[in-house]
Amino acid sequence: MSDPLSQGSTAASPPLGSDKAVAMQFGRLTGGFWRRPGARTAWLLTLALAGCLVGKLIVDVGLNSWNRWFFDALERRDGASAMAAVFAFGGLVVAISAVGVGIVLARERLQVRWREWCTHSFMTGWMAKRRFHRLTAAGSSMPNPEYRISDDVRMATEPVTDFAIGLFTAVLAASTFAGILWKVGGSQDVTMGGVSFTIPAFMVLGALVYGVSMSSLIPIVGRKLAPAAAAKNEAEARFRFEMIRLRENSEGVIMARGETEARRRLDSSYAALVRTWLEVVRQHGRLTWVTNSNGAMIPVVPLVLCAPKYLSGQLTLGEVMQLASAFVQVQVAIAWLVDNYRAIAEWFASARRIVELVDSFEQSDSSGPQGVAHVTMAVSRDDSLRLERVRLIDELGQTVVEQADVAILPGERIALAGEPGAGKSVLVRAMAGLWPWGEGRIALPDGLSLSFLPAAPFLPAGSLREALTYPTPPDAFEESRLRAALDATGAGALATRLQDVSRWDQTLSATERQRLAFARVLLQKPDIIILEDALAPFDEIAQAKLLDALLGGCPNSTIVAVGVRASLTQRFDRFLYLQKGATGGSILVETDAAGQPALSVVGGYEGRRDAAGLA
């Protein structure tokens, strides 16, 4: 599947040193909703929303004119005209309601569809090239990517629609109602110090001076709100992560008697959240001084400005009310920043987290720990699994495997051993494409399937049948085959529970989970099977039975096994050993069944080799 995040722009992303850079990158990443092929729905919803907003402006202008009509009728004590205005108001109410419904439906549908597209794009980017694994395996500084995809995408997309509505409405309303202020308000004659002069369009000037003054004050007072909101969001994510981690590792915590320490960590994490939250509250409180004062003053200021002309008889009561209504509309337009500054600050925090997440995707593709390039994955020329001048590093950038050169032929059974900490797990993970950081070349047969069995296999939630056939659909195998696979691996007792639904990773014991994983391999018969301590939970007799079931059920598969007991080595064709090299990393060498070459090279570490699985 192509990566939607890479479509539509090949330019390098600017550094996130400013809000402008964040906004530009966020637009580049999410604007594909309108740029993609088949964006008809996006444009229809956008145009429908714009049409409803224009309709709302027309209704608002009608309501403004109604104010003049009704209050002039009251001032003249014209009952017939006032009653006609009351009946006309009913039509305005219907129009206001209809336009409001249209705005709600268009806006919320647009928000849902935009978030749907963005979430799909970011999930695709996260899953592409196994980034969801690499970000964790490489010790990435990008915490909680799943929170950013779920919550931050919502918090970064939904407000943008509201911001666009507000800005579009503000521009239309400001221009329209400023014209009403100019036409109805006219000019104002002022005498100061015996000098008389005329202020043209005094209501327009008054609205502009007041609105610009308040809008200029807001960014000054609320400048610290955006970083405070960002810190709060990070603290929320850390607290949620600590709770998830405790739940997923509850058994280990209890066995280690770590409940007190776990609670201390939760309390510490939540205390940090409270501190950042209180800082947001404090900054919001400062901002509220300005916003609440503005809310109280807006209805009064136009009446004060109109009072001289009304008292002199130059304005009717209806015209005063019309001007007051238009003044408020202009202020709402000018003060759009005032009313939305806190929301904009929180939006920038979420948008920055989304952009940082996508940047981490690109960084995981281009380099590993400390900038080391990736191992090259290639297609084998002769259907063998080849490691050519492979060097592997850990998450700290230190060399784990100095050199690995080997060719594993189709159908061979390889036992891999080594000294403790020599990098056996890293090497087999590199063969499976799970550990790309380092140098060299790993060539795999083209189009062949590979299965990796770790010491703790993954079992999806759902029915036991789904867990057994994963990732193949559960109806791909006849039930007789499922039962035969379970019987072959010593898990026949589970056959009666195939339709049961449970959290099997928590319900089954460690040995039951591992037997289920071996049964899964017997069903799928992959071309290459890698066992990373997959036999470790079993005693010697159980290991022999499982290994024999695997060899008999997958006779043509290439098998690379780590952690094989010495008594089982006769079941393998070749033996590889990782020994410490001169610079601290390990070197892959080959031995015979007795392991004599490895003994001569490593200086007779019989105890080490025996513990590692070769004798």
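By the working numbering, the letter at position 387 of the sequence shown is numbered 373, and the numbering carries on one by one without gaps.
Cβ coordinates follow ideal geometry from the N, Cα and C atoms, glycine included.
Q: Check each candidate in Val376, Asp369 and Arg367 and name the one with the smallest Cα separation from Val361.
A: Within the sequence shown, residue 361 is the residue found at index 375, counting from 1. Taking the Cα of Val361 as reference, the smallest distance to any Cα among Val376, Asp369 and Arg367 is reached at Val376.
(Q) Using the three-state DSSP reduction, which class does Thr155 fall into: helix, strand or coil? (A) In the sequence shown, residue 155 corresponds to position 169, counting from 1. Looking at Thr155 - three-state DSSP - the assignment turns out to be helix.
(Q) Just verifying my parser: in three-state terms, what is the DSSP assignment at Val588? (A) The residue you call residue 588 lines up with position 602 of the sequence shown. Unreliable placement is indicated for Val588, whose pLDDT of 31 sits below 50; the coordinate value is still reported in the next sentence. Of the three classes helix, strand and coil, the one that applies to Val588 here is helix, per DSSP.
Q) Residue ranges of each alpha helix (DSSP H) run of no fewer than 4 residues wholly in the segment 463 to 518, ordered along the chain? A) Runs of the alpha helix (DSSP H) inside the segment 463 to 518: 465 to 474, 490 to 493 and 496 to 510.
Q) Count the other CB atoms within 10 Å of the CB of Met417; is the residue buried (16 or more) or exposed (fewer)? A) Against the sequence shown, residue 417 aligns to sequence position 431. That one is buried.
Q | C-beta atoms of Leu420 and Leu371 nearer than 7 Å | A | In the sequence shown, the residue the question calls residue 420 occupies position 434. In the sequence shown, the residue the question calls residue 371 occupies position 385. A distance of 7 Å or more separates the beta carbons of Leu420 and Leu371.
Q. DSSP beta-bridge partners for Ser136?
A. To locate residue 136, count along the sequence shown from 1; it is residue 150. Answer by DSSP bridge pairing: none, since Ser136 is not bridged.
Q | Residues near Val170 by beta carbon distance below 7 Å, same chain, minus five either side | A | Position 184 of the sequence shown holds residue 170. The beta carbon of Val170 lies closer than 7 Å to those of Glu305, Gln308 and Leu309 in the same chain, with the five residues before and after it left out.
Q: Would you mind working out which of Ala441, Leu536, Gln500 and Gln529 sits nearest Lys511, comparing C-alpha positions?
A: In the sequence shown, the residue the question calls residue 511 occupies position 525. Put simply, of Ala441, Leu536, Gln500 and Gln529 the residue whose alpha carbon is nearest the alpha carbon of Lys511 is Leu536.
Q) Val276 lies in the alpha helix (DSSP H); which residues open and close that run? A) The residue you call residue 276 lines up with position 290 of the sequence shown. Per DSSP, the continuous alpha helix (DSSP H) segment holding Val276 begins and ends at Glu245 to Met283.
Q. How close, in whole Å, do the beta carbons of Val550 and Gln11 come, if the pair is a contact with beta carbons under 8 Å?
A. To locate residue 550, count along the sequence shown from 1; it is residue 564. To locate residue 11, count along the sequence shown from 1; it is residue 25. Not a contact, Cβ separation roughly 50 Å.
Q: Go through its chain and collect everything with a Cβ distance to Gln529's Cβ below 7 Å, but skip five positions before and after it.
A: Here the question's residue 529 lines up with position 543 in the sequence shown. Within the same chain, and ignoring the five residues on either side of Gln529 in sequence, the residues whose Cβ sits closer than 7 Å to its Cβ are Leu521, Arg551 and Leu554.
Q) If you draw a straight line from the C-alpha of Val173 to the C-alpha of Asn278, how long is it? A) In the sequence shown, residue 173 corresponds to position 187, counting from 1. In the sequence shown, residue 278 corresponds to position 292, counting from 1. It is worth fixing the name first, because residue 173 is Ser in this sequence and not Val. Taking the straight line from one Cα to the other gives about 30 Å.
Q: Ignore the nearest five residues each way along the sequence and tell me which others in Leu509's own chain have a CB closer than 8 Å to its CB.
A: Within the sequence shown, numbered from 1, the residue matching residue 509 stands at position 523. Excluding positions up to five away in sequence, the list reads Leu454, Thr455, Thr458, Phe463, Arg467, Leu468 and Ala471.
Q: Mind checking which residues open and close the beta strand (DSSP E) that includes Gln389?
A: Stepping through the sequence shown from its first residue, residue 389 is reached at position 403. Taken as a continuous stretch (DSSP letters only), the beta strand (DSSP E) holding Gln389 covers Thr385 to Ile394.
Q. From which residue to which residue does the alpha helix (DSSP H) around Glu228 run?
A. Taking the sequence shown and counting its residues from 1, one reaches residue 228 at position 242. Note, Glu228: alpha helix (DSSP H), Leu211 to Glu234.
Q: Taking Phe19 and Met189 to be in contact with their CB atoms under 8 Å, please state how far apart those CB atoms are, rounded to whole angstroms.
A: Residue numbering aside, residue 19 sits at position 33 when the sequence shown is read from its first letter. Residue numbering aside, residue 189 sits at position 203 when the sequence shown is read from its first letter. The beta carbons of Phe19 and Met189 sit about 41 Å from each other, so the pair does not count as a contact at 8 Å.
Q.
Suppose contacts are defined by Cβ-Cβ distances below 7 Å. Is Arg427 in contact with Phe558 by that definition?
A. What you label residue 427 is simply residue 441 of the sequence shown in a count that begins at 1. What you label residue 558 is simply residue 572 of the sequence shown in a count that begins at 1. Cβ atoms of Arg427 and Phe558: not closer than 7 Å.
Q: Output the distance between the C-alpha atoms of Leu43 and Leu445, rounded to the nearest integer angstrom.
A: The residue you call residue 43 lines up with position 57 of the sequence shown. The residue you call residue 445 lines up with position 459 of the sequence shown. For Leu43 and Leu445, the distance between alpha carbons rounds to 57 Å.
Q. Below 7 Å between beta carbons: does that hold for Glu576 and Leu562?
A. Taking the first residue of the sequence shown as position 1, residue 576 is located at position 590. Taking the first residue of the sequence shown as position 1, residue 562 is located at position 576. Annotated as proximal: Glu576 and Leu562, with beta-carbon spacing under 7 Å.
Q: Using only the heavy atoms of the ligand MN, determine whether one of them is closer than 6 Å to the beta carbon of Thr27.
A: Ligands are entirely absent from the displayed structure, and the ligand MN is therefore not among its contents.
Q.
If I measure Cβ to Cβ from Tyr256 and keep anything under 7 Å in the same chain, skipping five residues before and after, which residues do I get?
A. Locating residue 256 in the sequence shown gives position 270, where the first residue counts as 1. The residues are Phe225.
**Q.** Meets three-Cβ-pair contact criterion under 8 Å: the segment 284 to 298 and the segment 224 to 244
**A.** Not touching, per the Cβ criterion.
Q) Near Gln300, what residues of its chain come up, given a Cβ to Cβ distance below 6 Å and the 5 sequence neighbours on each side ignored? A) Residue 300 sits at position 314 when you count from the first residue of the sequence shown. Setting aside the 5 residues that flank it on each side, Gln300 has no residue in the same chain whose C-beta is closer than 6 Å to its C-beta.
Q. Helix, strand or coil: how does DSSP classify Ala25 here?
A. Here residue 25 corresponds to residue number 39 of the sequence shown, with the count starting at 1. Under the three-state reduction of DSSP output, Ala25 falls in the coil class, being neither helix nor strand.
Q: Could you please give the first and the last residue of the uninterrupted beta strand (DSSP E) stretch that includes Tyr563?
A: For the purposes of this step, residue 563 is taken as residue 577 along the sequence shown, with counting starting at 1. Element bounds for Tyr563: Arg560 to Lys566.
Q: May I ask you to verify whether the segment 137 to 153 touches the segment 162 to 169, counting CB pairs closer than 8 Å and requiring at least 3?
A: They do not touch, by the three-pair rule.
Q | Buried/exposed call for Thr385, threshold 16 Cβ in 10 Å | A | By one-based count along the sequence shown, residue 385 stands at place 399. When all chains shown are included, Thr385 counts as buried.
Q) So what's Leu600 in DSSP terms, helix, strand or just coil? A) Counting from one through the sequence shown, the residue named residue 600 turns up at place 614. Note that Leu600 scores a pLDDT of 37, beneath 50, so its modelled location is shaky and nothing firm can be said.
Q | Alpha carbon of Ser346 to alpha carbon of Pro396, nearest angstrom | A | In the sequence shown, counting from the first residue as 1, residue 346 sits at position 360. In the sequence shown, counting from the first residue as 1, residue 396 sits at position 410. About 37 Å.
Q. Just reading off the beta strand (DSSP E) that Phe438 is part of, what are its end residues?
A. What you label residue 438 is simply residue 452 of the sequence shown in a count that begins at 1. It spans Leu436 to Leu439 - the beta strand (DSSP E) in which Phe438 sits, taken as one unbroken run.
Q | Collapsed DSSP secondary structure at Glu381 in the structure displayed | A | If you number the sequence shown from 1, residue 381 lands on position 395. Looking at Glu381 - three-state DSSP - the assignment turns out to be coil, as it is neither helix nor strand.
Q.
Could you compute how far the alpha carbon of Leu373 sits from the alpha carbon of Asp391?
A. Against the sequence shown, residue 373 aligns to sequence position 387. Against the sequence shown, residue 391 aligns to sequence position 405. Between Leu373 and Asp391, the alpha-carbon positions lie close to 5 Å from each other.
Q: Please report the residue range of the alpha helix (DSSP H) in which Glu94 lies.
A: Working through the sequence shown from its first residue, we reach residue 94 at position 108. Glu94 -> alpha helix (DSSP H) spans Gly65 to Met113.
Q) In three-state DSSP terms, what is Thr147? A) Against the sequence shown, residue 147 aligns to sequence position 161. Here DSSP, grouped into helix, strand and coil, assigns Thr147 to helix.
(Q) Please report the distance separating the alpha-carbon of Leu264 from that of Leu434. (A) Locating residue 264 in the sequence shown gives position 278, where the first residue counts as 1. Locating residue 434 in the sequence shown gives position 448, where the first residue counts as 1. Between Leu264 and Leu434, the C-alpha separation is close to 56 Å.
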